[in-house]
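For reference, the structure discussed in these notes is given below.
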Amino acid sequence: MSVVLVTGAASGLGWAMTRRWYEAGHDLVLADVDAAGLADRVDGLDPERVLGVVTDVTDAGDLAALVEATRERFGRLDVLVNNAGITHRSPAHRTDPAVFRTVMAVDWQGPVELTLAALPLLRESRGTVVCISSMAGWMPVPGRAAYGAAKAALTQFFEVLRLELEPQGVRVLMVHPSFLDTPIEQHALGEDGRPTGRARSTVGRLRSADDTAARIDRALQAGRPRLFPDRGTVVASLLWRLAPSLYQAQVRRRFADDLR
1 MSVVLVTGAA
11 SGLGWAMTRR
21 WYEAGHDLVL
31 ADVDAAGLAD
41 RVDGLDPERV
51 LGVVTDVTDA
61 GDLAALVEAT
71 RERFGRLDVL
81 VNNAGITHRS
91 PAHRTDPAVF
101 RTVMAVDWQG
111 PVELTLAALP
121 LLRESRGTVV
131 CISSMAGWMP
141 VPGRAAYGAA
151 KAALTQFFEV
161 LRLELEPQGV
171 RVLMVHPSFL
181 DTPIEQHALG
191 EDGRPTGRAR
201 STVGRLRSAD
211 DTAARIDRAL
221 QAGRPRLFPD
231 RGTVVASLLW
241 RLAPSLYQAQ
251 VRRRFADDLR
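All letters in the sequence shown, in the order written, are residues 1 to 260 by the UniProt record's numbering.
Listed below in structure tokens is the structure:
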């Protein structure tokens with residue numbers, strides 16, 4: 001069995017992945033900034049197999065402590081899942097730059113620093129880094145400029161890291177979901193940094209966290225380098241590359257409220 005570390009593990013996709021791997025018999029390290037929520041999750045699981053660590057992924061000291069706690073408890077790490085994330089719904093030209101810094105710190109800097117800290121353990125196990133990116137990193141989505149920029153940066157960084165780490169036996173799985181039915185959107189920031197009151201615009205159907213977790217698990221077991229769970233959004237991303245004017249016209253109609 002493997003040792004799996006999941007950030008943002010107390011809710012949404014992180015909790016769905018945690019449940020799946022727990023039921024499969026793996027040992028787990030659950031990290032989340034929500035101390036109360038994390039405690040509730042860990043309380044119902046076998047303490048011999050599960051370690052909960054309250055972690056702010058924007059705090060370098062927390063990340064170092066998380067990796068050390070993993071080493072002390074299990075002595076190894078086979079899979080690191082960079083799942084913790086934050087988003088916003090606000091026009092870029094009216095958004096406080098502090099919102100951009102927050103989104104970038106959580107969605108890009110945190111995963112980068114945690115992965116670098118965990119690399120010694122991952123090299124020892126010839127393990128895998130799983131990064132939850134987004135289709136918003138592949139194509140422009142109105143009202144989510146900072147989120148899309150952070151996910152694009154995440155993708156580029158870890159695609160380069162994949163090339164560098166493959167000779168050392170460390171793999172990278174990049175996951176690019178579209179719109180998920182998870183709490184990340186319920187906690188989206190507005191232009192002033194407080195929770196937004198804007199309604200959520202989407203394209204296609206919302207995928208469940210459980211369905212996406214199952215797809216990630218299969219991709220991980222198959223050793224796949226990338227996963228695009230929503231084929232419809234893949235088509236949209238190709239439209240953006242092949243016919244950008246047509247894509248923009250459709251996005252303006254679909255996301256009209258986000259452009260105001």
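Where a beta carbon is used, it is the ideal one built from N, C-alpha and C, also for glycine. Just so we're clear, the structure is a prediction, and the values are computed from it rather than from any experiment.
Inset, instruction - Flag this pair as touching only if the stretch 15-25 and the stretch 203-222 have three or more C-beta atom pairs under 8 Å; answer yes or no. - result: yes
Inset, instruction - Taking only the alpha-carbon atoms, compute the straight-line gap between HIS93 and THR155 and give it to the nearest angstrom. - result: 24 Å
Inset, instruction - Round the Cβ separation of GLY110 and VAL57 to the nearest angstrom and send it over; I've been treating them as touching at under 8 Å. - result: 3 Å
Legend entry - the stretch 2-11 / the stretch 69-80 touching (three or more Cβ pairs under 8 Å): yes
Legend entry - Any chain E beta carbon closer than 8 Å to HIS26: The structure shown contains no chain E; it is built from a single protein chain.
Inset, instruction - Less than 8 Å between the CB atoms is what I'm expecting for VAL106 and GLY85, so what's the real figure, rounded? - result: 6 Å
Inset, instruction - Examine the Cβ distances between the stretch 119-138 and the stretch 218-236 and report whether three or more of them are shorter than 8 Å. - result: yes
Legend entry - Proximity below 8 Å, CB of GLN168 to CB of ARG123: yes
Legend entry - Where ARG194 falls, given that 16 or more other Cβ within 10 Å makes a residue buried: exposed
Legend entry - Beta carbon of TRP103 nearer than 8 Å to that of ALA146: Before going on, a small fix: residue 103 reads as Val here, not Trp. A contact, by the Cβ cut-off of 8 Å.
Legend entry - Coarse secondary structure for ARG171, derived from DSSP in three states: strand
Legend entry - Endpoints, the alpha helix (DSSP H) within which ALA145 is located: 145-165
Legend entry - Within 8 Å, strictly: CB atoms of SER208 and HIS176: no
Inset, instruction - Go ahead and pull the three-state DSSP assignment for ASP217. - result: helix
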